[in-house]
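J.: Dumping the structure here so I can ask a few things about it.
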Amino acid sequence: MAKLAFLGLGVMGYPMAGHLKSAGHEVTVYNRTAEKAHKWVAEHGGKACATPREAVEAADFVMACVGNDEDLRSVCLGEDGAFAGMAEGAIFVDHTTVSAAVTRELAAAAGQAGLGYVDAPISGGQAGAENGQLSVMCGGDEGHFDRAALVIDAYAKICRRLGDVGAGQMTKMCNQIAIAGLVQGLSESLAFAQKAGLDIDKVVEVISQGAAGSWQMANRHKTMAAGEFEHGFAVDWMRKDLAICLAAADEVGATLPVTALVDQFYKEVQAMGGGRWDTSSLIARLTR
């Protein structure tokens, strides 16, 4: 069992920190909105702190799951940041989806402070976090990863090292690129079935058993057809992720025409007032 700090208690971080506590670890939490940290402590025990620096004192591992590049910088750097309070040899594990550039920047700063750094973005959505069934894709020193993986196991279905620092974030981009096109394809299929007067449940029962089958189809076709989009990962966050993907594609010389198009479709969903709808809401622009 280890002494841990968890920074960021959003829809993903809140249950993830809970799994760590249930696994027997000593967990201290920090959240920008302090009320949520106190709520977590009331539910799980442990301790809440007012700053990242206070939360990470004497921690063996520090997990972070915040919003974007600047949010991550704010919890890592500065007088009250985590790096200022972590003991030499401790490992920082970042579960945020951010750019590979900020990952490498912060990993370098951590190294200068004698800290380990593992970028470990996650996939599986709110349900995956709540059920402890997340896919965790990691980059970093092999020794640091091996140590961190034992802790990450509390909420992971699979946890793999893909390479050096930044490889986790690049793999998460692959994940988001694949999801974007898949959800658009599923949206078009279901909207077509509706307009053709077909029974969607029967259609999905048949086509899901063949090459068209996917997790999205199995778990979201009913709510998509019903116009219910309250499943956690918001369109606003997806557009943040896709912007990271498109910028990285320019850096590595990749072409992402479908991703760029779907990003604009999500922009239309935002204009419809769906910024906080989940990503399956792509169908809404086809059925309105």
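Just so it is clear: in the sequence shown, position 167 is 166 by numbering that gives the first Met the number 0, and no numbers are missing.
Using N, Cα and C, we set each Cβ at its ideal position, and we do this for glycine too.
Quantities reported herein were computed from a predicted structural model and do not represent experimental measurements.
1) Checking the sheet assignment: what are the DSSP bridge partners for Tyr116?
2) Just to confirm the assignment: which complete beta strand (DSSP E) runs, minimum length 3, are found wholly within the region 5 to 41?
3) Are Ala41 and Val28 closer than 8 Å when you measure CB to CB?
4) Three-state secondary structure (DSSP) at Asp140?
5) Buried or exposed for Cys173, going by 16 or more other Cβ atoms inside 10 Å?
6) May I ask you to list the residues that DSSP assigns as paired with Ile282?
7) Taking 8 Å as the threshold (C-beta atoms), are Asp152 and Gly138 in contact?
8) Rounded to whole angstroms, what is the Cα-Cα separation between Gln132 and Val55?
9) In chain order, what residues of the same chain lie with their CB nearer than 8 Å to the CB of Glu25, ignoring the 5 residues before and after it?
10) What separation, rounded to the nearest whole angstrom, lies between the Cα atoms of Cys48 and Asp262?
11) On the DSSP bridge assignment, give the partners of Ala63 in chain order.
12) Let me confirm a value: Glu362 is counted as buried when at least 16 other C-beta atoms fall within 10 Å, else exposed. Which label applies?
T.: A quick look at the data gives this:
1) Phe91
2) 25 to 29
3) no
4) coil
5) exposed
6) Bridge partners of Ile282 according to DSSP: none are assigned.
7) no
8) The C-alpha of Gln132 lies about 26 Å from the C-alpha of Val55.
9) Met0, Ala1, Lys2, Leu3, Gly45
10) 38 Å
11) Leu6, Asp93
12) One cannot answer for residue 362 here, as it falls past the ends of the chain, which runs 0 to 287.
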